[in-house]
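These notes are about the structure you will find just below.
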Amino acid sequence: MAPLKSLEQEYSFIDSNFQKFCACRGIFTVEDFLLCDLHSLTVFAEQEPNSETLKQGITQVLSVIDGQHQPWLNGMDLLADTIQNKHILSTGCEGIDMLLGGGLHEGQLTELVGPSSSGKTQVCLQAASNVAKNHMGSVMYLDTCNSFSAQRVACFVGLASNLTLDQAKHKILQNVMNNILCRSVFDIFTMFDVLNQLEFNLRSQKVGNHVRLLIIDSISSLITPILGGNGSQGHALMVSAGYLLKKLAHEYNIAVLLTNHTVGGEGGIPKPALGETWKTIPHVRLLLSRDRGNNICSISIIKHSSMASGKAARFTIYGL
Amino acid sequence: MPISVKRWIDGDETAAEMLARVSTERSVLLLPPPLHRLPLRVGNVVELVGPSPSAKTLILIQAAINMILPNEWNGVHYGGMERSVMFIDLDCRFSILCLSEMLKHRILHSNGSMNKMNQKQKDIDMHNCDARRKPNFPYDEELYSMCMRRFLYVRCYDSFEFLATLKTLHYQLQKEKEVEHSSIHLLMIDSIGAFHWVDRASSFLPLGVTNRSHSVLRFLLDKKTAIILGYKVTREKAGHVKGPWRNWEKPSLQSEFETVVQEIRKLVQVHPMLIIATKATGFGDRTFANDASRRNSVLDTLDTRNVASNTRQLPYQEYMPSVWQSFVTHRVLVQPSGDHCTMVDHENQSLYFSEWLLPSLGFLDKFIVQDGGVLAQVTAST
Chain A
76 MAPLKSLEQE YSFIDSNFQK FCACRGIFTV EDFLLCDLHS LTVFAEQEPN
126 SETLKQGITQ VLSVIDGQHQ PWLNGMDLLA DTIQNKHILS TGCEGIDMLL
176 GGGLHEGQLT ELVGPSSSGK TQVCLQAASN VAKNHMGSVM YLDTCNSFSA
226 QRVACFVGLA SNLTLDQAKH KILQNVMNNI LCRSVFDIFT MFDVLNQLEF
276 NLRSQKVGNH VRLLIIDSIS SLITPILGGN GSQGHALMVS AGYLLKKLAH
326 EYNIAVLLTN HTVGGEGGIP KPALGETWKT IPHVRLLLSR DRGNNICSIS
376 IIKHSSMASG KAARFTIYGL
Chain B
20 MPISVKRWID GDETAAEMLA RVSTERSVLL LPPPLHRLPL RVGNVVELVG
70 PSPSAKTLIL IQAAINMILP NEWNGVHYGG MERSVMFIDL DCRFSILCLS
120 EMLKHRILHS NGSMNKMNQK QKDIDMHNCD ARRKPNFPYD EELYSMCMRR
170 FLYVRCYDSF EFLATLKTLH YQLQKEKEVE HSSIHLLMID SIGAFHWVDR
220 ASSFLPLGVT NRSHSVLRFL LDKKTAIILG YKVTREKAGH VKGPWRNWEK
270 PSLQSEFETV VQEIRKLVQV HPMLIIATKA TGFGDRTFAN DASRRNSVLD
320 TLDTRNVASN TRQLPYQEYM PSVWQSFVTH RVLVQPSGDH CTMVDHENQS
370 LYFSEWLLPS LGFLDKFIVQ DGGVLAQVTA ST
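Chains as they are written, first to last, in this note's numbering: chain A, 76 to 395; chain B, 20 to 401.
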């Protein structure tokens, strides 16, 4: 947050005199102001010769602070925002859409949990192709293990690229492909760079096509390496990543789809990786598993902010 | 004897008068299970502790609905308190659709129960509730929107936003009083430990630490982490550079919560409110055992009162600073029962346990989440 000095130009009462008054009490920044006791500061100000201007300075800093938090909204405003801006994106996979009441919710983080080869990436690719094709929005795909496959996307669109495609179909395929932006990300710092850049672009409205879906496949392979060891930095980075994603999702109406692997829990029963702290991050957690020998997947809700857990569905992943 | 002293000794009301005054001014608030066990009033600070998920946010939403509904409206009894509530969302997972659905469910339920005599009529009404054209009691859009407007919400993405919200809450309350003419009786914080990890990391970064040997790689990683976690170069601009590390500044967890508690305490003095804060646990998890013991040793050095509370064998790992701990007046532990379909007769019901830790009541309550998010206590016989 800003040092008081940087507010000098905009706010007339935060002048050098006021800054000196604050500096005597160890207040140099707006942050310091947040931590100080305003009541006693006002009492101090009253003892000074120019108490009126000092008190006006305090009021001005408070108005700056008031702009630092999200606005207060009442229930009706919130509801209007949700109905107007937070749409539901179909994943193109009927089983999942049925289970989630239509699909992925914009503004929410949905997490797919499952062991290796349980169909997580397939669901991601299918959701990406469906949103790119049917929802007229662009998809940001952060690929952490080189598993993105353009062929698979073409396949889900129903237009496996071969030479027999006619002009019109070729155009559709091109549009879908143009709408999916894939980035290879191999560590959490790069992910922060990419996400901060995305937020900057969204804020300054530089993005050509509205980003509606953000996929990170898989978030756990970025976070697991930084956990453990001594110190809590790993956890701090993990929680920060979670909040950045929630902020992006809510403020810019993006649906976020994450994948997470499973680890052995108590008694060998697999459980989601990333531990208890991460549990509070996603809105929706889905557990994926695939039957041996065929392509039928089952999916069940582990956690949902408004639905009972335990509901399940089955769906099929069609082969190439 | 001077008159002033005599008047002071005489007092100005009898015990009966005082009791009558206090019970109207500080009346017991209607709260859903499991908070109904003890009378809670404005000025109390209740902490709901539990792992995720354990219906904590749901309890908050139901408490909010009890507050925002009127006691009576158009001749129908709703049993609410007709007050505004404030919800500070630190978890950023609140869904307004959830509140809206539960509120509608409660309104329809109250309307329906008035008409229980005529079961047939009720069935028709339930049928028509989507069409919203019921002849006897139409779906009351006015009541609904009035209640929704009494629910005030803010979300915070980091602890600075949280502090900024608290710092300016006084003005917000004043504004609300002028607009709505009803004072706010309930302030909810979901959940109080949300930024714990991010804020605590500051005590682990080598900030201002003298002569610690760090490899270049370690240095770069710490610096990167520090930037991501929001450490800003502040003192340098303010002209107070004391060393290469001094630049990275962030208030410690302790001073942050000292401010949080101080702000809330001052607020409650001017605007009497009940505070309910949720707190996620889960650090007592077996996989975190190593981590927990290490954290303990860290907390030892941070503050000794925590250790005292740890020796009392809490069912979870306490991690909040002691200044917050001592601010809490009531504490309830909620936990999901191992398997959530033990009540087989209804399908969408999960069973939860709750236990009062402060004051310790020494027994477990069971409650279920029914259709529409209604919380109901399960009697011991089941």
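Positions of the beta carbon are idealized from the N, C-alpha and C atoms, including for glycine. Everything numeric in this text was worked out from a predicted model, so none of it was measured.
Closest by C-alpha distance to Glu274 (chain A), out of A:Met215, A:Lys246, A:Asp156, is A:Met215.
Between the region 20-30 of chain B and the region 220-231 of chain A there are fewer than three C-beta pairs closer than 8 Å, too few to call the two in contact.
Contact note: Tyr327 (chain A) does not reach chain B at a C-beta cutoff of 7 Å; the least C-beta distance is about 13 Å. Taken through DSSP and simplified to helix, strand or coil, Glu275 (chain B) comes out as helix. Only residues of its own chain outside the window of five on either side were considered, and among them Ala296, Lys298, Val347, Arg350 have a CB closer than 6 Å to the CB of Glu66 (chain B), listed in chain order.
In the three-state reduction of the DSSP assignment, Asp90 (chain A) falls in the coil class, being assigned neither a helical nor a strand state. Along the length of the region 160-193 of chain B, whole beta strand (DSSP E) runs at least 3 residues long occupy 170-174, reported in chain order. With distances taken between CA atoms, Gln81 (chain B) lies nearest to B:Phe106 out of B:Phe106, B:Glu161, B:Leu352.
Here His96 (chain B) is exposed: its Cβ has fewer than 16 other Cβ atoms, across all protein chains shown, within 10 Å.
Rounded to whole angstroms, the Cβ separation of Leu288 (chain A) and Ala388 (chain A) is 21 Å, and the two are not in contact under 8 Å.
Interface flag for Tyr176 (chain B) against chain A is set, since a Cβ pair is found closer than 7 Å.
Only residues of its own chain outside the window of five on either side were considered, and among them Leu174, Ser375, Ile376 have a CB closer than 7 Å to the CB of Lys386 (chain A), listed in chain order. DSSP places Glu36 (chain B) in the uninterrupted alpha helix (DSSP H) bounded by 34-44. Asp141 (chain A) carries a helical assignment under DSSP once its states are collapsed to helix, strand and coil. Assignment of beta-bridge partners to Asp209 (chain B) by DSSP yields B:Asp108. By the neighbour-count criterion, in which 16 or more other beta carbons inside 10 Å mark a residue as buried, Gln122 (chain A) falls on the exposed side.
Boundaries around Val68 (chain B) are those of the beta strand (DSSP E), 64-69, since no alpha helix (DSSP H) includes it. Ser193 (chain A) sits close to Leu363 (chain A), with the two beta carbons spaced by under 7 Å. Excluding residues up to 5 positions away in sequence, Ile211, Gly212, His215, Phe276, Lys298 lie with their Cβ nearer than 8 Å to the Cβ of Met339 (chain B) in the same chain. In terms of beta-carbon proximity, Asn149 (chain A) lines the interface with chain B, with at least one pair separated by less than 7 Å. Any Cβ of chain A closer than 7 Å to the Cβ of Phe170 (chain B) would place that residue at the interface, and such an atom is present. Spanning the alpha carbons of Ile89 (chain A) and Gln135 (chain A) requires a straight line of approximately 7 Å. Positions of the alpha helix (DSSP H) runs, each at least 4 residues long and wholly inside the region 308-394 of chain A, are given as 308-326, 350-354 in order along the chain.
Within 10 angstroms of the beta-carbon of Val198 (chain B) lie fewer than 16 other beta-carbons, which makes it exposed.
In the structure shown, Phe386 (chain B) falls within a strand segment according to DSSP collapsed to helix, strand and coil. Here Gln280 (chain A) is exposed. Its C-beta has fewer than 16 other C-beta atoms within 10 Å.
Under the Cβ criterion (8 Å, minimum of three pairs), the region 133-151 of chain A counts as touching the region 91-107 of chain A.
Here the alpha carbons of Val260 (chain A) and Asn328 (chain A) stand approximately 23 Å from one another.
Taking the C-beta atoms as reference points, Met151 (chain A) is found nearer than 7 Å to Arg168 (chain B). Under the three-pair Cβ rule at 8 Å, the region 161-169 of chain A does not count as touching the region 100-113 of chain A. Shown here, Glu101 (chain B) sits in coil according to DSSP, grouped into three states, outside any helix or strand. Contact of Tyr86 (chain A) with chain B by beta-carbon distance below 8 Å is absent, the smallest such distance being about 16 Å.
The DSSP-derived three-state label of Val351 (chain B) is strand. Here DSSP, grouped into helix, strand and coil, assigns Arg100 (chain A) to coil. Around the beta carbon of Pro78 (chain A), a 10 Å sphere encloses 16 or more other beta carbons of the protein chains shown; the residue is thus reported as buried.
In this structure Pro52 (chain B) is in contact with Leu394 (chain B), their Cβ atoms being roughly 5 Å apart against a cut-off of 8 Å.
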